[in-house]
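Undergrad: Heads up: the sequence lines are chains A and B, in that order. At position 184 of the first sequence the residue is numbered 184 (the working numbering), and the sequence of numbers has no breaks. At position 270 of the second sequence the residue is numbered 1270 (the working numbering), and the sequence of numbers has no breaks. Just so it is clear, CB atoms sit at the ideal spot from N, CA and C, and this is done for glycine as well. Small disclaimer: the values here were computed from a predicted structure and weren't measured.
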Amino acid sequence: MKKFFVMATAAVLSLSLLAGCGTTGATSNGGGSSAGGNLKIGADLELTGGVAMFGTAAQKAIDLAVEQQNANGGLLGKQIKMDYADNKSDPGESTNAATKLITQDSVVAVIGAMTSGNTLAASQVAIDNKVPLISPTGTADKVTVENGQVKPYIFRACFIDPFQGQVAAQFAANTLKVQKAAIFIDQKSDYSIGLANAFSTNFKSANGQIVSQEKYVAGDKDFRPQLARIKSSNPDVVFVPGYYGEVGPIVKQAREMGMNQAFIGGDGWGSPELFNLASADQLNNCYYVNHVAIDDPSMADFVKAFKAKYNQDPDSFAALGYDAARLMFQAIKDANSTNGDKIRTALENLKGFKGLNGDITMDPKTHNPIKDAVIIKIENGKNVFMTKVSPK
Amino acid sequence: MKRVSILNRKNALTLFLVIVMYAVIQGLIVTDILPPLYTSTLIQVCVYVILAASLNLINGITGQFSIGHAGFMAIGAYLAGIVSVKFHGPLFLSLLVGGIVAAVAGFIVGLPTLRLRGDYLAIATLGLGQIVMIIFQNIDYFGGAAGMQVGRHINWSWAFWVTIISLVVIHNFVNSTHGRACISVRENEIAAEAMGVNTTKYKVLAFTLGAFFAGVAGGIYSNYMYFIQPTTFNFLTSFNILVMVVLGGLGSMTGSILGALIMTVLNVALSGIPSLRMVITALLLIIMMLFRPSGLMGTKEFNLNFLEKKGERNVA
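1) Could you tell me the distance, in whole angstroms, from the CA atom of Ser106/A to the CA atom of Lys40/A?
2) On the premise that Ile210/A lies in contact with Ile183/A, defined as a C-beta separation below 8 Å, what is that separation, rounded to the nearest angstrom?
3) Would you grab the beta carbon distance between Met328/A and Ile154/A for me? Rounded to a whole angstrom, and I think it's under 8 Å.
4) Nearest-angstrom Cα distance between Ala157/A and Ile134/A?
5) I'd like the list of long-range same chain contacts for Gln1149/B, defined as Cβ closer than 8 Å, with 5 residues on each side in sequence excluded.
6) Alpha carbon to alpha carbon, how far is Ser1252/B from Leu1242/B? Give it in angstroms, no decimals.
7) Could you compute how far the alpha carbon of Ala140/A sits from the alpha carbon of His291/A?
8) Tell me whether the beta-carbon of Ser205/A lies closer than 8 Å to the beta-carbon of Arg229/A.
9) Lys351/A bridges to which residues according to DSSP?
10) What number of angstroms, rounded off, separates the C-alpha of Leu1205/B from the C-alpha of Phe1087/B?
11) Give a yes or no on contact between the stretch 1170-1187 of chain B and the stretch 1258-1266 of chain B, applying the rule of three or more CB pairs nearer than 8 Å.
12) Specify, as a first and last residue, the run of the alpha helix (DSSP H) that Met386/A falls within.
13) Determine contact between the stretch 319-334 of chain A and the stretch 60-67 of chain A, defined as no fewer than three beta-carbon pairs at a distance below 8 Å.
14) Output needed in chain order: residues of the stretch 129-140 of chain A with a Cβ under 9 Å from some Cβ in chain B.
15) Quick one: which chain A residues come within Cβ less than 9 Å of Gln1137/B?
16) Does DSSP put Leu1028/B in a helix, in a strand, or in coil?
17) What is the DSSP secondary structure of Gly31/A, reduced to helix, strand or coil?
18) Taking 8 Å as the cut-off, decide whether the C-beta atoms of Gly1076/B and Gly1215/B are in contact.
19) What residue ranges within the stretch 1200-1258 of chain B form continuous alpha helix (DSSP H) runs of no fewer than 4 residues, ordered along the chain?
20) With a CB to CB cut of under 6 Å and the five nearest residues on each side skipped, what residues in its chain are close to Gly84/A?
21) Verify the CB distance criterion: does Ser192/A have a CB-CB separation below 8 Å to chain B?
22) Look up Ile210/A in the DSSP assignment and give the residues it is bridged to.
23) Suppose only complete runs of 4+ residues qualify. What are the alpha helix (DSSP H) ranges in the stretch 215-279 of chain A, listed by chain order?
24) Do you know how far the Cα of Leu1121/B is from the Cα of Val1268/B?
25) Just to confirm before moving on: does the CB-CB distance between Asp86/A and Ser1271/B stay below 8 Å?
26) Can you say whether Thr24/A is buried or exposed, counting buried as having 16 or more other CB atoms within 10 angstroms of its CB?
27) I'd like the ranges of any alpha helix (DSSP H) spanning at least 4 consecutive residues and lying wholly in the stretch 84-147 of chain A.
28) Of all the residues that make up the stretch 1205-1223 of chain B, which are near chain A by a beta-carbon distance shorter than 8 Å?
29) Step through the CB atoms of chain A and report whether any lies within less than 8 Å of the CB of Met1133/B.
30) Secondary structure at Met362/A, three-state DSSP: helix, strand or coil?
31) For Ala318/A, which option in Gly50/A, Thr56/A and Glu46/A has the closest C-alpha, if you only look at C-alpha atoms?
32) Whose Cβ in chain B lies nearer than 7 Å to the Cβ of Lys392/A?
33) Could you tell me whether the Cβ of Pro1090/B comes closer than 8 Å to any Cβ of chain A?
34) Is the beta carbon of Arg144/A sitting closer than 8 Å to the one on Val125/A?
35) Excluding the 5 residues flanking Val150/A on each side, which residues of the same chain have their C-beta closer than 7 Å to its C-beta?
36) In or out: Trp1161/B buried (at least 16 other Cβ within 10 Å) or exposed?
Spelled out as structure tokens, the structure:
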């Protein structure tokens, strides 16, 4: 009897191995993008693991984009077929996923990954095999540019972090029409410092004045000493490029100290958790920069289609995934070819593409899109789309 | 007393089979018959074979319950990466430095923690793994939480021969006087001590040696994967290695190899169906634990002894 179970276990194990090999084998046989009337595009996404939320949101949006494109006749006269590979939110697995998509499934282009680290891990595979790759949300500088050199074949669909500082400065100077700003930064975070530097440069060139600059460290609980100094410098606006975990208490304590100025931040503010850390009343007169706003009128069609298909609201990961997929479709259409070099050239020269929240133009020097950012106003405990700011 | 020659028939045959295996795969790679995904899977199998075999040395042979192996892997990966990227050192040096620093860390950590037993040792090593990860997350020199970029310097030949050397060293250690002392610690620590075995010494020795090879495996990993991030070496990776060892059979070297092979290949083969991958892996483990709780190989080894004539069969 025992022997039987041993044999059965061994059989199940080896069968599952064979089954696994079978599937990979089958897909590789179907390879060659032009063979079956299908055009294969790969997506290397975080479908499981720590940031599975990012990847699954993007996957839904990409599926939607593919469905719409196929309904309109597909690409180059073929139907698009997506191949998804899960990178388990891990760089090593992302390298594997990209290798599988590019060498095994012979995809024409790759969408992904969502995080900068996973994109960096996949990018070398794409470059080696001359397959264009576009990351929906990899914001780190070095994703597309390394040592001052732009990486061939690697693109992104989102703007980089420091751009948010520029947008915040333009918003403060032109929309809020204020002259004096204070900056309160997380001194250990590259993100925070990058945003603060960009804000400071752009605010000064708009004839603004930085009246004080204070620092905190992520994890701090009491911000009153720094806030007192900021208060005494009497700014019109306070720029806090941090994450919601500290931003909540900062705004709360500032309001308690009688500071009624406007507070501005970056996309690090964008979490529902913010409303648990400070009251709705205290968060009034706060604004932050984000990639997209779900209640932006120009997104209405996408939100409607997404809701109809999945019965839930899309988030910014879904919106950027959708934009990334459609940017790639457009480039393949412009190139009129599935050749990696031609798609890359088309993507580099893409101008005035109708993205979800405005026109997107690819910067050939950095492979970063030049696109609008949105300003979200917090109003009575709700994020409300306020305006769009175009880069200058 | 019969002299046992190193070059007996069994060893010669093993060496021959190893060389044939290497040559066939190398041939397939050189002629571009083997797709890159298979090559990369094979190299990962090598990494995990070393990791599983070295953890088996600690958990299976010496009977200590360590679940912080990914921590040593991380040390090896990062140090090897630094040697390769920042000092442009040769690959051999890079792997060696990774291994040695991991071994030193293993020694320093092993001295106090190996006084603990059972659950307490498990908790201490689990904590160690987390500490290592958090240290790398907070040192900017190593790239911080964003990670570090390392080029691809490892090819199949390197991965394969480093794995073979590691396995030979571990195998010979287990079959040496020291290895037997380690096994005696596993079987009964008090009895071993009563027989004059310095149990602390052998526990630390096994732990340090295990850490060394985990560091080497980490070095291969970082030199192959383009990019490493501290979170790659979290406790899930430690558990993954532990699962390989338990699947193959605690105490069996060939079992560890088999476990690493099965888990790695399964992982890659099921990557197309992420939603079912976890379920299938978990199901396999449950079936395994129900019907063969001692692992695929138990404590047995697969070897070529059966080829020897009855009279020649030596004690090994």
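TA: Result, derived from the coordinates:
1) In a straight line, the C-alpha of Ser106/A is about 7 Å away from that of Lys40/A.
2) Right, the Cβ-Cβ distance comes to about 6 Å (below 8 Å), so this counts as a contact.
3) About 13 Å separates the Cβ atoms of Met328/A and Ile154/A, ruling out a contact at the 8 Å cut-off.
4) Whole-angstrom Cα-Cα distance: 7 Å.
5) Within the same chain, Gln1149/B has close Cβ partners Val1085, Gly1143, Tyr1226 and Phe1227.
6) If you take the alpha carbons of Leu1242/B and Ser1252/B, they lie about 13 Å apart.
7) Their backbone Cα atoms lie some 15 Å apart in a straight line.
8) Not a contact, by the Cβ cut-off of 8 Å.
9) Partner(s): none; Lys351/A has no beta bridge.
10) Taking the straight line joining both Cα atoms gives about 30 Å.
11) The stretch 1170-1187 of chain B, when compared against the stretch 1258-1266 of chain B, does not touch it at the 8 Å Cβ threshold.
12) Here Met386/A belongs to no alpha helix (DSSP H); instead the beta strand (DSSP E) covers Lys382 to Val389.
13) The answer is yes - the stretch 60-67 of chain A touches the stretch 319-334 of chain A, with three or more Cβ pairs under 8 Å.
14) Interface annotation for the stretch 129-140 of chain A against chain B: Asn129 and Ala140, criterion Cβ-Cβ distance under 9 Å.
15) Those do not exist, as Gln1137/B stays about 12 Å from chain A at its closest Cβ, beyond 9 Å.
16) Reduced to three states, the DSSP call for Leu1028/B is helix.
17) Low local confidence applies: a pLDDT of 38 at Gly31/A is under 50, so the model's placement there is unreliable, and no value is given.
18) Yes. Within cutoff.
19) Taken in chain order, the whole alpha helix (DSSP H) runs of length 4 or more contained in the stretch 1200-1258 of chain B are 1235-1248.
20) With the sequence shown as reference, residue 84/A is identified as Tyr, and Gly is not the correct amino acid for it. In the same chain as Tyr84/A, and ignoring 5 residues on each side of it, the C-beta atoms closer than 6 Å to its own belong to Ala43, in chain order.
21) Contact of Ser192/A with chain B is not assigned, every C-beta pair being separated by 8 Å or more.
22) BP columns for Ile210/A point to Ala181/A.
23) Taking 4 residues as the shortest admissible run, the stretch 215-279 of chain A contains the following complete alpha helix (DSSP H) segments, listed from N- to C-terminal end: 224-232, 244-256 and 274-277.
24) Rounded to whole angstroms, the gap between the alpha carbons of Val1268/B and Leu1121/B is 32 Å.
25) Their beta carbons are under 8 Å apart, which means Asp86/A touches Ser1271/B by this criterion.
26) Any answer about Thr24/A is weak, because its pLDDT of 40 lies below 50 and its placement is not dependable; what the coordinates show is given next. When all chains shown are included, Thr24/A counts as buried.
27) Within the stretch 84-147 of chain A, the alpha helix (DSSP H) runs of at least 4 residues that lie entirely inside it are, in chain order, 91-99 and 116-128.
28) Cβ contacts with chain A come from Tyr1221.
29) Among the residues facing chain A, Met1133/B is not included, as its CB has no counterpart in that chain under 8 Å away.
30) Met362/A carries a strand assignment under DSSP once its states are collapsed to helix, strand and coil.
31) Closest option to Ala318/A, Cα to Cα, is Thr56/A.
32) Simply none; closest approach about 29 Å.
33) Not an interface residue.
34) It is Thr, not Arg, that sits at residue 144/A in the sequence shown. No, they are not a contact pair.
35) So the qualifying residues of the chain are Thr144, Lys365, Thr366 and His367.
36) Exposed, since its Cβ has fewer than 16 Cβ neighbours within 10 Å.
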